[in-house]
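Going by my numbering, the sequence shown opens with residue 418, and the numbers climb by one from there.
Everything below concerns the one structure shown next.
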Amino acid sequence: MTELRALTPHSVIPAEQASRDRHQKRLLRTFLPELVQLERQLAEAPDFVSTQVAGRVVVGPMGLPIYRVDLGTPATDVPVVLIVGGVHGLERIGSQVVMAWLDSLLARLGWDQHLNALLEKVHITLLPIVNPGGMYLNQRSNPGGVDLMRNAPITAQDGSAFLLGGQQWSSRLPWYRGRPEQGMEVENQALEAVIQDLLPNRPFSLALDCHSGFGWQDQIWFPYAYRRRPMRRIDSVMALKLIWEQAYPNHNYRFEPQSAHYLTHGDLWDYFYKQVNRENSGVFLPLTLEMGSWRWIRKRPRQLFRLDGFFNPLVPHRHQRVLRSHLTWMDFLISAAASHQNWLPIGEQQSMLREAAIMHWYRDTR
418 MTELRALTPH SVIPAEQASR DRHQKRLLRT FLPELVQLER QLAEAPDFVS TQVAGRVVVG
478 PMGLPIYRVD LGTPATDVPV VLIVGGVHGL ERIGSQVVMA WLDSLLARLG WDQHLNALLE
538 KVHITLLPIV NPGGMYLNQR SNPGGVDLMR NAPITAQDGS AFLLGGQQWS SRLPWYRGRP
598 EQGMEVENQA LEAVIQDLLP NRPFSLALDC HSGFGWQDQI WFPYAYRRRP MRRIDSVMAL
658 KLIWEQAYPN HNYRFEPQSA HYLTHGDLWD YFYKQVNREN SGVFLPLTLE MGSWRWIRKR
718 PRQLFRLDGF FNPLVPHRHQ RVLRSHLTWM DFLISAAASH QNWLPIGEQQ SMLREAAIMH
778 WYRDTR
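Written out as structure tokens, the structure is:
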């Protein structure tokens, strides 16, 4: 039988698979099918797609890889879009949405001249499963019990939500931040290394982090989560919102700062936003797709009796609908990044859009 390494240009995939014994492969098929699917997807990807291991998480005898996928132009002076999924292990639908979009992208590259031309103007990086250990264990946190979205070195300025905003009492309780003296967890260090490698000196960059588990409606959140005052680049967020609504007026997303709902300690994207924009002149906009899972529960209350039912659509037709419903938004972000110079506000537009954003989102906090 022909070995996989002879059939794929991505040597990292067969090397990872060869390191597992039969029992470990069976465990992954049972408890982490998303990783098995991702490896199959990447093994079949064309050679212009780059695959590497950004980090590794130890769970028992296994070392689970955090895969980084790159495509588009390798030039370092073009816009970049970073797509992230699986930060919370229970939210499998986030990783599945990222992988569904990657599937669509790879299928279209074989015939879509417009898409091929677009990727000559932008670079795309994906980390589909940031927390493979937590996903394998079917828990929100990583294997050490740390909530990765409460683990960054940033503290809420006002009162954070009790427990939900992050706590340092015990890893046995949810939303555990970890110990500050230990630094960020290995998964977050891998993500930080990708950001430091990818974003410096870019004229424009976007990040989309895919989550679920909150709200009746799909939401697009942006910083901050640690304070209620607006971010410095709020005019750019408003500009992005406006061109999206002009292009897709019948969309179903609600754009809001996360602080409109609750404040948290340790938010990763607050930390990365401040870090990147402090050290670089280009614009970096981190966004979170928060898929409204409460409506899935309302339509199928039995999901309340399953832990994963709080965060994922369990009915097949609903699951398929979720996988396809965000493709347009993700395609839009690529086009928006490639053409950022045509819509990013400058001069008087910045002050006008900033004032509009403050009136729209922060009127009650002024």
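Beta carbons: idealized from backbone N, C-alpha and C, even for Gly.
Nearest candidate by alpha-carbon position, reference residue i, set the options
i	options	result
W633	I612, G709, G699, R619	G709
F631	H505, M601, D575, Y665	H505
K784	A492, E765, L657	This structure leaves residue 784 out entirely; the chain is present only between 418 and 783.
Q766	A656, T447, V453	A656
P640	L702, D487, L623, P617	L702
A774	P545, V654, Y553, A753	V654
W746	Y670, V693, H757, E772	Y670
E673	V693, R649, D635, R695	D635
T542	M566, L488, L554, P482	L488
D684	M552, G595, L481	G595
L449	Y553, E707, W760	Y553
H757	R619, G582, N697, R715	R619
E461	P426, E451, T447, R437	P426
I660	P762, G583, H777	P762
A435	D464, V466, E707, L481	L481
R715	L706, S521, P730	P730
E609	D748, R485, F749	R485
A642	T447, M566, E696, D520	M566
N555	P463, I651, E598, T447	T447
I483	Q720, V611, H682	V611
L750	G726, W711, P496	P496
Y779	Q692, N605, R646	R646
G503	M776, H678, L526, E604	E604
S742	S521, E456, A432, R443	S521
Q692	R443, Q613, G600, D464	Q613
D494	R439, S622, A607	S622
D781	A677, Q599, D725	A677
D748	D438, R443, L523	L523
Opposing strand residues paired with residue i [DSSP bridges]
i	result
E508	Bridge partners of E508: none, in fact.
T468	V486
H540	G489, V497
T705	D626, W638
V799	The structure shown does not extend to residue 799, since the chain is modelled only from 418 to 783, so the question has no answer here.
Q584	Y593
G502	C627
Nearest-angstrom Cβ-Cβ length linking residue i and residue j, presumed shorter than 8 Å
i	j	result
Y593	D626	Their Cβ separation, rounded to whole angstroms, is 19 Å, which puts Y593 and D626 out of contact at 8 Å.
R735	W713	6 Å
V700	R717	The Cβ separation is near 41 Å, so there is no contact.
E508	F728	5 Å
H531	T490	Actually they do not touch by this definition, with Cβ atoms about 15 Å apart.
L445	S577	About 36 Å separates the two Cβ atoms, so there is no contact after all.
V429	Q469	6 Å
R649	N694	7 Å
W518	L744	6 Å
A624	L704	7 Å
P545	M516	5 Å
L706	H628	7 Å
W760	A754	Contact doesn't hold; Cβ gap of about 10 Å is too wide.
V547	V501	6 Å
L615	L452	22 Å between Cβ atoms; not a contact.
H682	G551	Not confirmed; about 19 Å, so no contact.
W711	Q675	Wrong, their Cβ atoms sit about 17 Å apart, outside the cutoff.
P617	N697	6 Å
M479	Q454	Contact doesn't hold; Cβ gap of about 17 Å is too wide.
R525	D652	R525 to D652, Cβ: 33 Å. No contact.
P591	L580	7 Å
- [ ] State whether the region 679-697 contacts the region 550-570, with contact taken as three or more CB pairs (one from each stretch) at a distance under 8 Å.
- [x] Two segments are said to touch when three or more pairs of C-beta atoms, one from each, lie closer than 8 Å; by this definition the region 679-697 touches the region 550-570.
Open item on the list: Suppose only complete runs of 4+ residues qualify. What are the alpha helix (DSSP H) ranges in the region 594-660, listed by chain order?
Closed with: 603-615
TODO: Report the residue ranges of all alpha helix (DSSP H) runs contained in full by the region 528-576; include only those spanning at least 4 residues, in chain order.
DONE: Counting only runs that start and end inside the region 528-576, the alpha helix (DSSP H) elements of at least 4 residues fall at 530-535, 549-554.
Open item on the list: Quick check for students: name the residue ranges of the beta strand (DSSP E) that lie wholly in the region 658-740, counting only runs of 3 or more.
Closed with: Runs of the beta strand (DSSP E) inside the region 658-740: 671-674, 700-708.
Open item on the list: Pairs of beta-carbons, one from the region 510-526 and one from the region 752-769, closer than 8 Å: are there three or more?
Closed with: no
- [ ] Kindly confirm or deny that the region 656-670 and the region 584-591 touch, where touching means at least three C-beta pairs closer than 8 Å.
- [x] no
Open item on the list: Using 8 Å as the cut-off, can you tell me whether the region 553-560 makes contact with the region 471-486, which would need three or more C-beta pairs spanning the two stretches below that distance?
Closed with: yes
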